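Single-structure report; data block below.
2 protein chains.
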Amino acid sequence: MVYGTPAPDALDPAKTGPANTGPAADGRTDRVADMPRQALTPDDWAMAALDALARGGVAAVSIEALARELGATRGSFYWHFPNRDAVLTAALHLWERRATDEIIAAAEREPDPRRRLRRLLHDAVTVDPVPGLEPSIAAHAGHPAVAPVLRRVTTRRIDFLARCYAGLGATPALARRQAVLAYAAYLGWMDLRHTAEADVPETAEGGRVAARALAHFVDTLAGPAD
Amino acid sequence: MVYGTPAPDALDPAKTGPANTGPAADGRTDRVADMPRQALTPDDWAMAALDALARGGVAAVSIEALARELGATRGSFYWHFPNRDAVLTAALHLWERRATDEIIAAAEREPDPRRRLRRLLHDAVTVDPVPGLEPSIAAHAGHPAVAPVLRRVTTRRIDFLARCYAGLGATPALARRQAVLAYAAYLGWMDLRHTAEADVPETAEGGRVAARALAHFVDTLAGPAD
DNA sequence: GGAGGACCGTACACCGGTGTATGGAACCGG
DNA sequence: CCGGTTCCATACACCGGTGTACGGTCCTCC
Chain S
0 MVYGTPAPDA LDPAKTGPAN TGPAADGRTD RVADMPRQAL TPDDWAMAAL
50 DALARGGVAA VSIEALAREL GATRGSFYWH FPNRDAVLTA ALHLWERRAT
100 DEIIAAAERE PDPRRRLRRL LHDAVTVDPV PGLEPSIAAH AGHPAVAPVL
150 RRVTTRRIDF LARCYAGLGA TPALARRQAV LAYAAYLGWM DLRHTAEADV
200 PETAEGGRVA ARALAHFVDT LAGPAD
Chain P
0 MVYGTPAPDA LDPAKTGPAN TGPAADGRTD RVADMPRQAL TPDDWAMAAL
50 DALARGGVAA VSIEALAREL GATRGSFYWH FPNRDAVLTA ALHLWERRAT
100 DEIIAAAERE PDPRRRLRRL LHDAVTVDPV PGLEPSIAAH AGHPAVAPVL
150 RRVTTRRIDF LARCYAGLGA TPALARRQAV LAYAAYLGWM DLRHTAEADV
200 PETAEGGRVA ARALAHFVDT LAGPAD
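Here it is in structure tokens:
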């Protein structure tokens with residue numbers, strides 16, 4: 000269900016064996032792959048769930064897949080969480096904190112309203128801790144575990160954007176419309192990045208075309224620098 | 000796996016029974032629910048697959064779910080398709096034709112470049128045959144069955160948008176950047192609609208706020224009417 | 001240094017989905 | 001009327017994921 004990394008899983012020796020204590024020479028890249036390994040925390044499982052969520056959607060957040068990713072078994076999981084839904088909501092709450100509070104707090108430290116808005120848009124598009132997470136969560140808006148978190152995140156972000164536009168002198172109604180448009184452009188930008196990174200280099204993470212496209216993005220939505 | 004309609008499935012009498020020929024008094028709304036029913040076509044299955052795809056992603060496109068939705072059994076499915084992947088690709092090809100060719104063809108009938116661009120953006124956001132389909136497909140960009148179709152659709156749409164902007168006098172590079180931004184705004188707009196229709200009434204299908212937000216959307220991305 | 005708790009592996013029953021094999025009803029043309 | 005084709009239902013084997021029960025291994029604290 001991950002379909003992003005077909006090869007490494009296909010040629011595991013013989014079920015990876017119970018090689019828990021020991022070198023554990025598997026092909027994983029997220030773990031130290033050496034020594035008895037530190038005990039797993041609920042956040043470890045939640046982070047792995049976010050990764051799986053970004054790749055294959057809600058259905059890909061399976062306990063077995065997370066356990067494989069972390070080099071553990073489901074026995075470990077059921078000590079930290081009562082069931083599958085628990086890790087899903089934990090992951091979404093983790094995302095809610097990281098993807099909303101931190102970006103907004105960073106922008107709020109900028110006093111000048113125009114620079115604040117430009118910085119917000121720039122940072123939102125630039126930093127992307129878990130590639131593909133935003134589109135994946137948005138695609139499962141109807142899921143009972145996703146819906147409440149997604150609603151809170153969406154309203155908070157749009158409200159903050161609207162306050163930024165209002166700080167630039169727009170009327171409340173206009174600021175609101177500008178905020179919705181800017182947020183839509185942000186969502187679509189993240190969509191395009193992991194949808195067609197090869198065909199739309201404008202939304203990629205680095206390079207000249209990306210820099211100029213990003214400048215156009217910010218200039219159009221937040222106005223020129225000064 | 001549909002989680003959009005929890006109630007109707009929960010209280011089925013006793014597995015719905017083999018009530019095929021006959022009144023078949025189930026709660027479905029898509030079928031005539033009367034008489035022996037016309038024979039199913041591959042497109043019927045593909046349409047049901049698009050619906051499931053829009054609601055629960057690729058994982059929700061299960062043969063059993065489609066059969067339940069169509070009031071048939073899997074025996075019917077395996078006469079029309081060799082396996083599950085076949086109906087998935089068939090559904091995606093159906094989407095590729097409907098969601099790209101028709102909208103572009105409608106816009107190309109408009110001679111005036113500015114009106115053409117405005118009409119294109121307006122129509123793209125207004126007509127939404129299968130709500131939630133676009134975000135759901137975009138979220139599974141890494142899936143082997145989705146990737147090629149999604150790449151073609153994305154490049155075709157952006158290229159057409161770029162030609163529209165070029166027709167307005169923009170240089171090729173600027174037209175390209177404007178096209179990417181406009182397409183990102185479109186994608187995010189569709190995201191927002193089915194993500195938080197209650198909290199973001201601007202992206203809803205009707206109403207005063209929606210109309211004014213849509214006007215702002217078109218004016219900002221395509222320039223004023225004249 | 002021994003008891004208890006934290007943490008994890010293993011085994012089992014269960015469920016839903018896939019694919020296949022096969023039978024049967026309806027609808028033709030000869 | 002009858003054989004063949006079309007379309008669909010049923011039954012079965014199989015697989016992957018979920019929960020649960022239970023056993024084992026550390027680590028800690030008195």
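Listed in order, the protein sequences are those of chains S and P.
Count the first sequence with numbering that gives the first Met the number 0 and you get residues 0 to 225, in order.
Count the second sequence with numbering that gives the first Met the number 0 and you get residues 0 to 225, in order.
Cβ coordinates follow ideal geometry from the N, Cα and C atoms, glycine included.
Fair warning: this is a prediction, and the values are worked out from it, not measured in the lab.
7 angstroms CB neighbourhood of residue i in its chain, flanking five on each side removed
i	result
A174(S)	A161, Y164 and A165
V199(P)	L191
G56(P)	S135, A138 and H139
A123(P)	I102 and Y185
V179(S)	I157
A144(P)	D84, L87, T88 and L91
D43(P)	L69
A169(P)	Q177
A146(S)	A140
F159(P)	I103
N82(P)	none
Residue closest to residue i, alpha-carbon to alpha-carbon, out of the options
i	options	result
L132(S)	N82(S), A197(S) and A53(S)	A53(S)
A172(P)	H215(S), R118(S) and S61(S)	H215(S)
R115(S)	L167(S), W188(S) and L91(S)	L167(S)
T153(S)	G70(P), W94(P) and W188(P)	W188(P)
L93(P)	G222(P), V148(P) and R113(P)	V148(P)
Assigned exposure category for residue i - 16 Cβ within 10 Å defines buried
i	result
A111(S)	The sequence as given places Asp at residue 111(S); Ala does not occur at that position. That one is exposed.
P22(P)	Confidence is the limiting factor: at P22(P) the pLDDT is only 35, short of 50, which leaves the residue's position unreliable, though a coordinate-based value still follows. P22(P) is exposed by the Cβ-count criterion.
R108(S)	exposed
G205(S)	exposed
A197(S)	exposed
A104(S)	exposed
A224(S)	exposed
A210(P)	exposed
A18(S)	Here A18(S) scores only 36 on pLDDT, less than 50, and its place in the model should not be relied on; the value that follows carries that caveat. So A18(S) ends up on the exposed side.
Beta-carbon proximity check, residue i vs residue j, cutoff 8 angstroms
i	j	result
R176(P)	A195(S)	no
V60(P)	A51(P)	yes
L220(S)	A183(S)	no
R155(P)	G222(P)	no
H121(P)	V217(P)	yes
Sequence-distant residues of its chain with Cβ nearer than 8 angstroms to residue i (five each side left out)
i	result
H142(P)	V57
V208(S)	P200 and E201
A203(P)	R192, E196 and A209
V31(S)	Below a pLDDT of 50, predicted positions are generally treated as unreliable, and V31(S), at 44, falls in that range; the measurement from the model is reported next regardless. So no residue of the chain qualifies.
Cβ neighbours of residue i in the same chain (closer than 6 angstroms, five flanking residues each side left out)
i	result
A106(P)	R115, R118 and L119
H193(S)	P130 and G131
A212(S)	E201
T125(P)	none
Query raised in the report: Is the number of C-beta pairs between the segment 68 to 80 of chain P and the segment 39 to 57 of chain P that are closer than 8 angstroms three or more?
Result: The segment 68 to 80 of chain P, when compared against the segment 39 to 57 of chain P, does touch it at the 8 angstroms Cβ threshold.
Query raised in the report: Just checking, does the segment 91 to 98 of chain S make contact with the segment 125 to 143 of chain S on the three C-beta pairs under 8 angstroms criterion?
Result: The segment 91 to 98 of chain S, when compared against the segment 125 to 143 of chain S, does touch it at the 8 angstroms Cβ threshold.
Query raised in the report: Is it true that the segment 43 to 50 of chain P meets the segment 62 to 73 of chain P, where meeting means three or more beta-carbon pairs spaced less than 8 angstroms apart?
Result: Contact between the segment 43 to 50 of chain P and the segment 62 to 73 of chain P is present, with at least three C-beta pairs closer than 8 angstroms.
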